[in-house]
Amino acid sequence: MPKPNLADLTAFASIAEHRSFRRAADALGVSRSSLSHLMRTLEGTLGVRLLHRTTRSVAPTEAGERLLKRLAPVLRDLDEALDGVSDDSGQPSGTLRINGNETAARLLLGTVVPLFLARYPQMSIDLVSEGRLIDIVEQKFDAGIRLGESVPQDMIAVRIGGDMRFVAVASPAYLAANSPPVHPDDLRQHRCIRQRLPSGKLYRWEFARHAQEITIDVPGVLTLDHSGLMVEAAIDGLGIAFVPEHVACAGLDSKKLAIVLEDWSPAIPGLCLYYPGNRHIPAGLRAFIDMIKAFIF
């Protein structure tokens with residue numbers, strides 16, 4: 020029986036991982052028709068059906084799962100061998116694609132990125148800052164950066180900063196004219212500066228104290244989509260804003276803002292870099308993670 024080639028096996032592994040011919044084709048840089056042809060060839064060569072196909076989904080058959088279990092470490096070892104050749108000839112090279120938010124981008128640009136690019140001149144970084152959560156595998160990113168609580172459970176996370184917290188802040192003038200809230204429910208009687216998320220949904224404010232958690236869809240006549248603008252609006256006395264504490268620190272230090280409901284604002288896990296745990300880690304990403312651990316922790 021003729022043996023399948025590496026392209027066919029790689030195509031099968033990609034389809035099984037993405038559960039989609041379209042996403043696998045995008046990841047491999049081939050057309051869907053070419054990928055379908057490769058799979059028909061592979062199944063014909065092996066004489067067994069490897070994938071269940073419907074109009075909406077793709078999933079490995081029992082035989083496909085057995086093949087994938089044995090194939091995954093082989094492909095991972097091959098990637099590592101190829102990386103080893105690159106490492107033997109010099110430093111890591113290529114482009115490292117990272118998706119994060121604005122806070123993460125600013126943190127990296129002020130710490131790790133300049134050092135990384137100086138140490139590894141053959142590497143380049145494509146850093147995309149956006150607020151919406153995406154599938155980093157589907158969108159072809161090597162890693163993502165989000166708050167620890169937002170990292171998908173099937174990813175490996177590396178802390179890149181300490182804990183943080185969200186705080187409700189308002190100007191002294193606003194608090195002088197309106198009784199400060201003493202319980203999160205009191206916010207329903209206040210003008211709040213609401214936040215629209217990149218998904219289009221309004222952010223619901225989250226508070227916790229003594230194991231009690233409260234989530235509130237606050238009222239307000241002003242809605243913004245940027246934490247910095249929300250802080251400026253709060254300083255101008257337009258209402259109470261709920262923002263990361265570090266975004267409001269300048270206003271707090273200058274006494275232009277005050278925190279309310281502070282005992283309802285516990286610390287939460289801060290930013291984490293995350294990447295797929297079931298994939299080979301490129302040499303460039305490994306080097307980047309090592310530098311994060313060395314310079315941020």
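When the sequence shown is numbered by this note's numbering, its final residue is 316 and no position is left out of the sequence of numbers. Ideal Cβ placement from N, Cα and C applies to all residues, glycine included.
Here the alpha carbons of Ser112 and Ala267 stand approximately 39 Å from one another. When the five nearest sequence neighbours on each side are left out, the beta carbons in the same chain lying within less than 8 Å of the beta carbon of Leu90 are those of Leu28, Phe31 and Ala32, in order along the chain. In the displayed model, Phe226 falls within a strand according to three-state DSSP. The alpha-carbon separation between Gln208 and Ser198 amounts to approximately 10 Å. Distance from the CA atom of His202 to the CA atom of Leu280, rounded to whole angstroms, is 7 Å.
Contact between Leu194 and Ala277 is confirmed by a C-beta separation of about 6 Å, below the 8 Å threshold. Beyond the five residues adjoining it in sequence on each side, Gly289 comes within less than 6 Å, by CB distance, of Gly180, Gly181, Asp182 and Met183 in the same chain, given in chain order.
Proximity to Arg41 across Ser76, Met249 and Thr80 peaks at Ser76, based on C-alpha coordinates. Rounded to whole angstroms, the separation of the alpha carbons of Leu166 and Asp173 is 15 Å.
Nearest C-alpha to Ala230 among His71, Pro285, Gln158 and Arg68: Pro285.
Looking at the DSSP output, Met310 bridges to nothing. The three-state reading of DSSP puts Thr80 in coil, since its state is none of H, G, I, E or B. In the displayed model, Ala176 falls within a strand according to three-state DSSP. For Val186, the closest C-alpha among the options Lys159, His37, Met142 and Leu271 is that of Leu271.
Given a length threshold of 3 residues, each whole run of the beta strand (DSSP E) inside the stretch 146–224 is given here in chain order: 162–166, 174–178, 185–189 and 211–214. Put simply, the backbone Cα of Leu206 is about 16 Å away from that of Met249. Secondary-structure assignment with DSSP links Tyr139 through no beta bridge to anything.
The straight-line gap separating the alpha-carbon atoms of Ile164 and Ile175 is approximately 11 Å.
Residue pairing from DSSP places Gly119 in a beta bridge opposite Ser148. Per the Cβ contact rule, the stretch 112–127 is in contact with the stretch 136–145 (3 or more Cβ pairs under 8 Å). Within the same chain, and ignoring the five residues on either side of Glu168 in sequence, the residues whose Cβ sits closer than 8 Å to its Cβ are Ile287 and Pro288. Taking C-beta separations shorter than 7 Å and ignoring five residues to either side along the sequence, the partners of Thr80 in its chain run Arg68, Leu69, Leu70 and His71, following chain order.
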